[in-house]
Amino acid sequence: MSDFSEQVDRPAFEQKLMAGFAIAKWQDVRVVVTVSGGADSVSLLCALLAIRNKQAAGDVHVLHVNHRWRAEQSDADQQFVEDLCAQFEVPCHAVVLEVSEKTEETARLERYKVFLEQARQLGARYVLTAHTRDDQVETLIDRVFRGTGLSGLKGIPRTRELDHGISLLRPLLGHSREEVLSYLEQLGQEYCEDSTNQSLDFTRNRIRHELLPLLKENYHAEADRAVLRLSEMALELSEYLSTEAAVVAERVVMESASDLLVLNCNSFVNVASIVVREVLIQLWVGAGWPRQSMTRGHWLQLESLLVGEQSVVMFPGEIRAEKNGEQLSLTRR
Numbered sequence: 001m002s003d004f005s006e007q008v009d010r011p012a013f014e015q016k017l018m019a020g021f022a023i024a025k026w027q028d029v030r031v032v033v034t035v036s037g038g039a040d041s042v043s044l045l046c047a048l049l050a051i052r053n054k055q056a057a058g059d060v061h062v063l064h065v066n067h068r069w070r071a072e073q074s075d076a077d078q079q080f081v082e083d084l085c086a087q088f089e090v091p092c093h094a095v096v097l098e099v100s101e102k103t104e105e106t107a108r109l110e111r112y113k114v115f116l117e118q119a120r121q122l123g124a125r126y127v128l129t130a131h132t133r134d135d136q137v138e139t140l141i142d143r144v145f146r147g148t149g150l151s152g153l154k155g156i157p158r159t160r161e162l163d164h165g166i167s168l169l170r171p172l173l174g175h176s177r178e179e180v181l182s183y184l185e186q187l188g189q190e191y192c193e194d195s196t197n198q199s200l201d202f203t204r205n206r207i208r209h210e211l212l213p214l215l216k217e218n219y220h221a222e223a224d225r226a227v228l229r230l231s232e233m234a235l236e237l238s239e240y241l242s243t244e245a246a247v248v249a250e251r252v253v254m255e256s257a258s259d260l261l262v263l264n265c266n267s268f269v270n271v272a273s274i275v276v277r278e279v280l281i282q283l284w285v286g287a288g289w290p291r292q293s294m295t296r297g298h299w300l301q302l303e304s305l306l307v308g309e310q311s312v313v314m315f316p317g318e319i320r321a322e323k324n325g326e327q328l329s330l331t332r333r
């Protein structure tokens, strides 16, 4: 185990972390670091504590979520995190969370609920997760194969609001897994190895262990960086599209309530199709209606109602769309 008093050449990793998570943002607030025990989260905790100790600022707590998917191994990971926190004299909060549906998505959603609950209880301003640049690349490739749109190409966001006054941040998104492992090696810091990370039963693992090495060796040595550049361009385009759509949205709404939107179809004349769909998405989300089940086909169908004949169509979330004259009424039943 490492000791923060050791003279280890590690400033580069920590400086890079500070560039993405400036000390001024958290020196006077409470921060919750989510730590699984794996290399990524352990490196984040070590770097954050090193920065905190140098700056004499910041109130750091650790949150560990144990899904018990790997029985004794999961419990061993929890014990490792608790021991690590005891060594570093950091408050540790371990939550056992057994989900009935053992899918990665279900576990992720339940985990984020715990993040918010714990942040509220602790009065934390930030919740930090240890997603790295490698996670970003793997996510983007996975989404491309699933047929993602422009929004999905933006990748994992660096920040998102969990609740008013509580933000989730991913300060290691600019760090590679190689940098993480090198940093931990410099520290002499141990971490847990998740046996499931080697299993090729999972798509993400096949991307990591088979596809990416194949692409780098046989197609492009910097395939991962090319994927990240695509994501950066998608983000720029998405921001521009969002701004354009917001301008149009202001003039198309005739009536608005929690369960009703009435749109002026004439106001969409000469507006590019991609902007029209973004307007509809913004208004839909702004009304608080569920979007998860809305596919690209649904958005295209909704767009077609703006220029179509009088008709009534039901959409996911029990949203009733009725075209009548030059008005399109969306009602949540």
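Residue numbers for the sequence shown follow our numbering, beginning at 1 and rising by one.
Even glycine gets a Cβ: it sits at the ideal position worked out from N, Cα and C.
For residue j and residue i, believed in contact at Cβ under 8 Å, the rounded distance
{"i": "L283", "j": "A321", "result": "At roughly 12 Å, the Cβ-Cβ gap does not stay under 8 Å, so L283 and A321 are not in contact."}
{"i": "W289", "j": "G308", "result": "With a Cβ gap of about 21 Å, W289 and G308 do not count as contacting."}
{"i": "L184", "j": "V81", "result": "Incorrect: roughly 15 Å between the Cβ atoms, too far for contact."}
{"i": "G58", "j": "Q87", "result": "In fact, because the Cβ distance is near 18 Å, the residues do not count as touching under 8 Å."}
{"i": "T34", "j": "V144", "result": "No, T34 and V144 are not in contact; Cβ-Cβ is about 27 Å, not under 8 Å."}
{"i": "H131", "j": "I156", "result": "6 Å"}
{"i": "S258", "j": "A287", "result": "7 Å"}
{"i": "L169", "j": "R158", "result": "7 Å"}
{"i": "R125", "j": "I166", "result": "7 Å"}
{"i": "L162", "j": "A119", "result": "7 Å"}
{"i": "R251", "j": "S267", "result": "5 Å"}
{"i": "G37", "j": "Y191", "result": "6 Å"}
{"i": "M254", "j": "Q327", "result": "7 Å"}
Identified DSSP bridge partners for residue i
{"i": "N205", "result": "Per DSSP, none; premise fails for N205."}
{"i": "F315", "result": "I319"}
{"i": "E161", "result": "S167"}
{"i": "Q118", "result": "Answer by DSSP bridge pairing: none, since Q118 is not bridged."}
{"i": "R127", "result": "Looking at the sequence provided, one finds Val at residue 127 rather than Arg. Note: V127 sits in a beta bridge opposite V32, L168."}
{"i": "R225", "result": "Answer by DSSP bridge pairing: none, since R225 is not bridged."}
{"i": "N324", "result": "Q327"}
{"i": "R111", "result": "None; R111 has no bridge partner."}
{"i": "R332", "result": "I319"}
Short Cβ contact (8 Å threshold) for residue i with residue j
{"i": "A234", "j": "L153", "result": "yes"}
{"i": "V60", "j": "V31", "result": "yes"}
{"i": "N66", "j": "Q55", "result": "no"}
{"i": "A334", "j": "L17", "result": "Nothing in the structure corresponds to residue 334, since the chain is present only between 1 and 333."}
{"i": "V62", "j": "V90", "result": "yes"}
{"i": "P213", "j": "G20", "result": "no"}
{"i": "E303", "j": "S273", "result": "yes"}
{"i": "H136", "j": "L173", "result": "Reading off the sequence, residue 136 comes out as Gln, not His. Contact: yes."}
{"i": "Q73", "j": "S195", "result": "yes"}
{"i": "L150", "j": "L237", "result": "yes"}
{"i": "E14", "j": "A71", "result": "no"}
{"i": "L300", "j": "V313", "result": "no"}
{"i": "R208", "j": "E138", "result": "yes"}
{"i": "R52", "j": "D142", "result": "no"}
{"i": "V275", "j": "L241", "result": "yes"}
{"i": "E380", "j": "L97", "result": "Only positions 1 to 333 of the chain appear in the structure, and residue 380 is not among them; the question remains open."}
Contact test: residue i Cβ vs the ligand MG heavy atom, cutoff 7 Å
{"i": "S267", "result": "No copy of the ligand MG appears in this structure; indeed no ligand is present at all."}
Complete alpha helix (DSSP H) runs within the region 2-48 (minimum length 4 residues, chain order):
11-20, 23-26
Notebook entry, point to check: Are the region 103-116 and the region 250-266 touching by the rule of at least three beta carbon pairs closer than 8 Å?
Noted result: no
At what residue ranges does the region 254-294 contain a whole run of the alpha helix (DSSP H), taking only runs of 4 or more? 273-286
Any beta strand (DSSP E) of 3 or more consecutive residues that is wholly inside the region 50-101: 59-66, 92-96
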